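A.B. asks: Residue numbers (the UniProt record's numbering): 1 to 1271.
Glycine included, every Cβ here is placed at the ideal spot set by N, Cα and C.
Note that the structure is a prediction, hence the values are computed from the model and not measured.
Right, here's the structure in full:
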């Protein structure tokens, strides 16, 4: 098609995509969106723009072509000019550069430039068609543009969008856009043989980094030596892997024939260009994924693919940009394979299995799903687009958006973190700057602080790759480090950038680029990056409409603190505080991080740092960092700091209540030394302290007249108390404070009191003797007097009414409340009366709740009791220590709680001692509590049960461990049918009585008890059935198992309890023939008739039938049938089952009812009979030997008294003599209680550790024997 602006017809080279030209033009006529999926080398990047030019769309508007990289945009534009033979047809626009006429029909640009144009032209009216090239890269800009085009296509039917890529998920794009079509074209490739790793020899889970290097080495050597010498490209994930593999290959390959060349992003251009030069040797290129798409290395015959790559991934939770090594996608693997086969047939060796390849993601995850979305959110919101409703082709996770909102709020770009937060004026200004949101915030702040030039220099450096070079060889790397370090020493990497800038700018001085190039080579700097640094500096200066006389920015021309404050405003997420204990830094999110070894701060360890780059590789590193002061954080992030106030005190000199202010930022304490006016923080609490200490106690330089009046009234009231011998007439200090606060609202300091009196006089603050006497008629608490006193306001009356109501319900004269213990509501009564033995907390505990409780659990769950113990403990400390811990009660309580959780078996008091020992300083003696005299330190338990008519009262001491507690409540086990765990066994109820047993046996009897006690009323048929069963079991008398009761049950009752309808089968219970012509109708009949043949099994079979009743009616009926069949066999002389006879023999000799039942259950379920069961072992109680070892430190500690040691020795002797399970259990219990008491005594007597050289004390007899032996 001939067009007016074309000077010559469009010519096409012989490329695969050209064969699809007619098909493309036809699709373009009928569809708004054409998706071109063409292999690498097909010519899509250069020929599709010519197709669009030929289609005539350029007559309606320009044709835009976007590339993700500037270099690609420049090279594509040059190629199009060359093929079209007319430079006026193509223009180029990238950052900092614009070439060609502005009205050229073809415009090649980066995707970022097109996104900026969207601000001015929401529907891209100047374009008739746009080609998005390399769309598979799915950068942030590409994904935003793809979403924007969705709306453009809807509003402009004439607009055409072409999406092109080699490895594209065409179905995803076709589904995303309506009226779209897919065009596929093959590349110009030679066949490539793909070889996978052998599954038998490849273990990716156990393979580490070194294993990967070894496998790559072996594959390279095998290809070069076996297949033939040819150029090879090996993909590895990290620079470290490349350096390790290079060293391996150099030691094993002939350097005269092979050239080992590394290739990664941080190399200098000269080093990178080596891979393109033909030296006559076979080239083996070891590269990161930079060689996957960015660079095409000619002449590659072999590819070795490790299948791994470093991927940039942002964590919105930790706010860290990580570079983890991950498996590449199938699309990336195919892209790597395509590096071979460009010039001749090739081979690709994949160091992973085909199964591994097929399990990988088909396409690489788009950047928008693994990046910091702050810029995306700011751009969309500033463009007036809704982030939540924006049509992303693959929406990022919501957590990423939440992190972006949080970051933008910190930067001041948004008014809040909510989705509907508005963009602030600062945010709008930031969005107009074509740079990262953090850098734009830094520059705008720097402009206000007067440090714009150094900030532009630093931000330009942060926008490019590090211009400093570190050669790959050790010697060169060390020289580079020394060179760069010579410009350091500022405790700031940002100032190091500034020093580098000043150095090469002085060398360049605006004259020759040649001199700058030589300077860069000499000083290990990347020349092109330095050029880019300078370009960015000029661009940022133009954007901010500023100009500086010189490129050089001397250090004495600006305030360094202001520069770092400006940088801090953009990098609050990179603030970290030194953790001295762990030798690292703690980031704002709580994650540990380390200073980068190459940082200017390495080895200096400042308290606070800010980092512009937090990256996670082998560990989290703080890169590009500087030392900061905590005051700067408060200045920059005042709205994000949290404030706490401690130790409020009345200051008579300053005339107000002051408190210690703690300022923290995301868990980092920035300041804790400033005393502020507490009245501005908590006026009510400040007023209470002010009236108590300043007014009531009179701590004031010059008392007010009303204070002197009130003292005279109080003296008169005390005299009245003395005359009448009745206490409570004179009000307490707290009541006086309440009275004064009520009468003088808004007063909390000396100045506010003066203002109040000046305005209202002091009449309201003067006491009236008659009022206080009248109020005291109800007793010390003045309840009725205050209830009827017109002075008291509605708040007091409501409070008093509630107190009166609680007193009516209280049984002990206290306040009724409910404590939540292990998610169960327990009725409690709180009494404040130290003269009463029930002073403190009284609890009503259901008996069935006891198995879950211990003293430690109760202390953990009941905050009041734990605080009382803690308060009493602190009160007994020396004054200096008490003062030190006064502001750290919460931390000590946290340690107390941790100790209770770690040691639920120990007494609460021991846990407190251990917490104090581990947390605080333990020099000197430890305080001794006295729960016997301080009644509130004991829990007053009232234990009740429906099975136990009387309540069981217990005074639980914080000195008790779990065994002492068990010993106190064990009397309830029998009447309440409980099971209590202690010493690794259970002390529980069973039909035979109460005894120690295994946990599994206790669980069985608990289930059995719940089954029989869960029956309804006492006269129900099933209840009678169970009662008769117990008669049958215990007395072995005649019983038909309560058949009348069974018959009397309704069908519904039988179904409810799972009992079969047995009416038709009842004859089976009527009798059995035990011998010829003799029927047996009772068990007593059976026991009176025997023969020699069944004499040995008679007792066992009787137990078999009777014990089966514990398993339920069905089991009993089944056992009865087996029993009846066996005796029928005896009668007929037939053989009875051997397993039944063995079972009967075992049952007759087994004393344990539980194990008999277990054997019967197994038999009835058809399990193979075993003579010995692993469960029938002795109870797992501690041995006497283990107890003796536990007592050894106490015998050698020399802090126990003789009678205490004697008691322990006697208990140990009893334990060694114990033979039965019952004796062993009781001995173990006594010993464990002694251990609990001894551990408590160790703390009380301040023996915190045993000296290692001490030996276990010998008995007196052995001591005498040794003494005489030595003589």
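Output the distance between the C-alpha atoms of residue 870 and residue 912, rounded to the nearest integer angstrom.
C.D. replies: Reading the chain shown from its first residue, position 870 is the one you call residue 870. Reading the chain shown from its first residue, position 912 is the one you call residue 912. The alpha-carbon atoms of residue 870 and residue 912 are separated by roughly 8 Å.
A.B. asks: Residues in the same chain with beta-carbon distance under 7 Å from residue 663, minus the five sequence neighbours each way, listed in chain order, please.
C.D. replies: Here residue 663 corresponds to residue number 663 of the chain shown, with the count starting at 1. For residue 663, where only same-chain residues beyond five positions count, the Cβ hits under 7 Å are 634, 641, 643, 670, 671.
A.B. asks: Taking residue 651 as part of the beta strand (DSSP E), name the residues at either end of that continuous run.
C.D. replies: Numbered from its first residue, the chain shown carries residue 651 at position 651. First-last of the beta strand (DSSP E) with residue 651: 642 to 651.
A.B. asks: In the DSSP assignment, find the beta strand (DSSP E) that holds residue 1225 and state where it starts and stops.
C.D. replies: Taking the first residue of the chain shown as 1, we reach residue 1225 at position 1225. From DSSP, residue 1225 is part of no beta strand (DSSP E) but of the alpha helix (DSSP H) over 1221 to 1244.
A.B. asks: What's the gap between the Cα of residue 602 and the Cα of residue 581?
C.D. replies: In the chain shown, residue 602 corresponds to position 602, counting from 1. In the chain shown, residue 581 corresponds to position 581, counting from 1. If you take the alpha carbons of residue 602 and residue 581, they lie about 18 Å apart.
A.B. asks: Please return the same chain residues whose Cβ sits closer than 8 Å to the Cβ of residue 558, not counting the five positions on each side in sequence.
C.D. replies: Position 558 of the chain shown, counting from 1, holds the residue named residue 558. Excluding residues within five positions, the ones whose Cβ falls inside 8 Å are 450, 451, 453, 454.
A.B. asks: Run through DSSP, which three-state label would residue 602 get?
C.D. replies: Taking the chain shown and counting its residues from 1, the one referred to as residue 602 is at position 602. Residue 602 falls in the coil class under three-state DSSP.
A.B. asks: Considering only residues of the same chain and omitting the five flanking positions on each side of residue 679, which have a CB-CB separation below 7 Å?
C.D. replies: Here the question's residue 679 lines up with position 679 in the chain shown. 656, 657, 686, 748, 749.
A.B. asks: Terminal residues of the continuous beta strand (DSSP E) containing residue 66?
C.D. replies: The residue labelled residue 66 in the question sits at position 66 within the chain shown. It spans 62 to 67 - the beta strand (DSSP E) in which residue 66 sits, taken as one unbroken run.
A.B. asks: Measuring CB to CB, does residue 1228 end up less than 8 Å from residue 1215?
C.D. replies: Numbered from its first residue, the chain shown carries residue 1228 at position 1228. Numbered from its first residue, the chain shown carries residue 1215 at position 1215. The answer is yes: Cβ separation under 8 Å.
A.B. asks: Terminal residues of the continuous beta strand (DSSP E) containing residue 346?
C.D. replies: Within the chain shown, the letter at position 346 stands for residue 346. Taken as a continuous stretch (DSSP letters only), the beta strand (DSSP E) holding residue 346 covers 346 to 350.
A.B. asks: From the DSSP output, which residues share a beta bridge with residue 844?
C.D. replies: Taking the first residue of the chain shown as position 1, residue 844 is located at position 844. Note: residue 844 sits in a beta bridge opposite 942.
A.B. asks: Exposed or buried, which one is residue 515 when buried takes at least 16 other CB atoms within 10 Å?
C.D. replies: For the purposes of this step, residue 515 is taken as the residue at position 515 of the chain shown. Classification of residue 515: exposed, given that the 10 Å Cβ count is below 16.
A.B. asks: For residue 162, which beta-bridge partners are listed by DSSP?
C.D. replies: As a working mapping, residue 162 is identified with position 162 in the chain shown. 34, 131.
A.B. asks: Nearest by alpha-carbon distance to residue 522: which of 507, 983, 532, 534 is it?
C.D. replies: Here residue 522 refers to the residue found at position 522 when the chain shown is read from its first residue. The candidate whose alpha carbon is nearest that of residue 522 is 507.
A.B. asks: May I ask you to report which of helix, strand or coil DSSP gives residue 79?
C.D. replies: Position 79 of the chain shown, counted from the start, is the residue given in the question as residue 79. Helix at residue 79.
A.B. asks: Please name the residue, chosen from 337, 916, 459, that lies closest to residue 350 on a Cα-to-Cα basis.
C.D. replies: The count along the chain shown starts at 1 and reaches residue 350 at position 350. Looking at the Cα atoms, 337 is the closest of the given residues.
A.B. asks: Ignore the nearest five residues each way along the sequence and tell me which others in residue 795's own chain have a CB closer than 8 Å to its CB.
C.D. replies: Mapped onto the chain shown, residue 795 falls at position 795. Summary for residue 795: the model assigns pLDDT 40, below 50, so the residue's position carries little reliability; its value from the coordinates is reported in the next sentence. Excluding positions up to five away in sequence, the list is empty.
A.B. asks: Less than 8 Å between the C-beta atoms of residue 963 and residue 1232, yes or no?
C.D. replies: Walking along the chain shown from the start, residue 963 turns up at place 963. Walking along the chain shown from the start, residue 1232 turns up at place 1232. In this structure, residue 1232 lies closer than 8 Å to residue 963 by Cβ.
A.B. asks: On the criterion of 16 or more Cβ atoms from any shown chain inside 10 Å, does residue 985 qualify as buried, or is it exposed?
C.D. replies: Working through the chain shown from its first residue, we reach residue 985 at position 985. It counts as buried.
A.B. asks: Tell me the DSSP secondary structure of residue 987 in three-state form.
C.D. replies: Translated into the one-based positions of the chain shown, residue 987 becomes position 987. Strand, per DSSP.
A.B. asks: Tell me whether residue 396 is buried or exposed, calling it buried when 16 or more other Cβ atoms sit within 10 Å of its Cβ.
C.D. replies: Position 396 of the chain shown, counted from the start, is the residue given in the question as residue 396. Answer is buried; the Cβ neighbour count reaches 16.
A.B. asks: Applying the 10 Å Cβ sphere with the 16-neighbour rule, what's the burial state of residue 908?
C.D. replies: Taking the chain shown and counting its residues from 1, one reaches residue 908 at position 908. The residue in question, residue 908, is buried, as its Cβ has 16 or more Cβ neighbours within 10 Å.
A.B. asks: Of the residues 1239, 599, 974, which one's Cα is nearest the Cα of residue 1190?
C.D. replies: Mapped onto the chain shown, residue 1190 falls at position 1190. Minimum Cα distance to residue 1190 is reached at 1239.
A.B. asks: Tell me which residues share the same chain as residue 652 and place their Cβ nearer than 8 Å to its Cβ, disregarding the 5 neighbours each side in the sequence.
C.D. replies: Residue numbering aside, residue 652 sits at position 652 when the chain shown is read from its first letter. Result list for residue 652: 694, 699, 700, 701, in chain order.
A.B. asks: Mind checking residue 407: buried by the 16 CB within 10 Å criterion, or exposed?
C.D. replies: Within the chain shown, residue 407 is the residue found at index 407, counting from 1. With 16 or more Cβ atoms within 10 Å of its Cβ, residue 407 is classed as buried.
A.B. asks: Closest by CA to residue 763, which one among 708, 82, 236, 590?
C.D. replies: Along the chain shown, one-based indexing puts residue 763 at 763. Checked all of 708, 82, 236, 590; the closest Cα to residue 763 is 708.
A.B. asks: Let me confirm a value: residue 624 is counted as buried when at least 16 other C-beta atoms fall within 10 Å, else exposed. Which label applies?
C.D. replies: In the chain shown, counting from the first residue as 1, residue 624 sits at position 624. Per the 10 Å Cβ criterion, buried.
A.B. asks: What does the alpha-carbon distance come out to for the pair residue 220 and residue 304?
C.D. replies: Taking the chain shown and counting its residues from 1, one reaches residue 220 at position 220. Taking the chain shown and counting its residues from 1, one reaches residue 304 at position 304. Each residue's alpha carbon lies about 7 Å from the other.
A.B. asks: In angstroms, rounded to a whole number, what distance separates the CA positions of residue 109 and residue 555?
C.D. replies: Counting from 1 along the chain shown, the entry for residue 109 is found at position 109. Counting from 1 along the chain shown, the entry for residue 555 is found at position 555. Cα-Cα distance, rounded: 39 Å.
A.B. asks: Taking C-beta to C-beta, are residue 84 and residue 90 nearer than 8 Å?
C.D. replies: Here residue 84 is taken as the residue at index 84 of the chain shown, counted from 1. Here residue 90 is taken as the residue at index 90 of the chain shown, counted from 1. For residue 84 and residue 90, yes; Cβs fall inside 8 Å.
A.B. asks: Consult DSSP for residue 16 and reduce its assignment to one of helix, strand or coil.
C.D. replies: As a first step, residue 16 must be located in the chain shown, where it is residue number 16. The answer is helix: DSSP assigns residue 16 an H, G or I state.
A.B. asks: Can you tell me which of the three DSSP states residue 981 falls into?
C.D. replies: If you number the chain shown from 1, residue 981 lands on position 981. Reduced to three states, the DSSP call for residue 981 is strand.
A.B. asks: Within its chain, find whatever has a CB closer than 7 Å to the CB of residue 1101; leave out the 5 residues flanking it on each side and keep chain order.
C.D. replies: On the chain shown, residue 1101 is found 1101 positions in, with the first residue counted as 1. Once the five neighbours on either side are set aside, the close Cβ partners of residue 1101 are 1123, 1126, 1144.
A.B. asks: Nearest by alpha-carbon distance to residue 1359: which of 475, 477, 440, 470 is it?
C.D. replies: Absent from the structure is residue 1359, since the part of the chain shown begins at 1 and ends at 1271.
A.B. asks: Among all the DSSP beta bridges, which residues are the ones paired with residue 622?
C.D. replies: Your numbering for residue 622 matches position 622 in the chain shown. Note: residue 622 sits in a beta bridge opposite 595, 614.
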